[in-house]
Amino acid sequence: MAPSPQRRIDVAGLVIALLLLALAGLVWWDMTKLQILSPYDLGPKVMPIVVSIGLTLLAIGNAVGALRGDLPARDSLDWKPIALILGGLACLIILIAIGGGFMIGTALLFATTSAAFGRRAFPTDLLIGAVIAVFIYVLFAKLLTLSLPAGPLERLF
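The numbering used here numbers the first residue of the sequence shown as 16 and each following residue consecutively.
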């Protein structure tokens with residue numbers, strides 16, 4: 016009988032499991048600070064509990080996989096997509112902060128995220144993002160009467 020190959024513990028997988036567990040604890044702790052009382056204990060506290068339990072289960076599964084050495088090999092890191100998405104998010108934040116509005120920032124975020132996933136039609140994606148942003152704005156601002164950051168395009172509605 017041949018000896019089984021020695022499996023190595025995946026340290027990065029264990030670190031990820033610990034981070035997931037810490038995030039689950041943070042979500043749970045934050046949920047306990049909610050002062051909202053609701054009948055039958057259903058209400059705003061339910062979803063943080065579900066999320067916290069889900070993160071805990073993911074942490075356990077990741078830890079077991081890391082200890083067994085069963086986690087798949089990681090791909091090399093490509094910084095370009097990360098920079099594109101973070102750049103789009105930064106544009107959204109800056110545009111909202113300077114009064115550029117929600118719609119323009121959301122359209123830019125959509126287009127940069129599409130580019131990060133390899134799509135090469137930036138003007139088309141900008142237009143698609145604008146249509147989605149208008150739909151979201153109308154849904155939230157007009158139907159749900161929630162205020163989104165207003166800019167020049169939002170003032171037209």
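We put the CB at the ideal spot given by N, CA and C, even for glycine.
Per-residue DSSP class, three states only, for residue i
i    : result
T128 : helix
F155 : helix
P96  : helix
G217 : Since the displayed the chain opens at 16 and closes at 172, residue 217 lies outside it and no answer follows.
F150 : helix
P164 : coil
A122 : helix
P87  : coil
G144 : helix
Cα-Cα separation between residue i and residue j, rounded to whole angstroms
i    : j    : result
R83  : I75  : 12 Å
L36  : P167 : 43 Å
I113 : P63  : 32 Å
L73  : R22  : 22 Å
T128 : I108 : 15 Å
A136 : A130 : 8 Å
Q50  : L124 : 35 Å
S91  : F132 : 16 Å
I100 : D45  : 28 Å
G116 : C106 : 11 Å
A78  : T160 : 44 Å
Other residues of its chain near residue i: CB distance less than 6 Å, five sequence neighbours each side excluded
i    : result
L141 : A122 and A126
L86  : D25, G28 and G80
A98  : none
P96  : A131
Contacts around residue i, its chain only, beta-carbon distance under 8 Å, and the 5 residues preceding and following it disregarded
i    : result
A156 : S162, L163, E169 and F172
M118 : A145, A148, V149, Y152, G166, L168 and E169
G40  : S67
C-beta neighbour in chain C for residue i, strict 7 Å
i    : result
I143 : Given the protein chain composition of this structure (a single chain), no chain C is represented.
Contact under 7 Å by Cβ, residue i with residue j
i    : j    : result
V42  : S67  : yes
L70  : L38  : yes
L110 : G120 : yes
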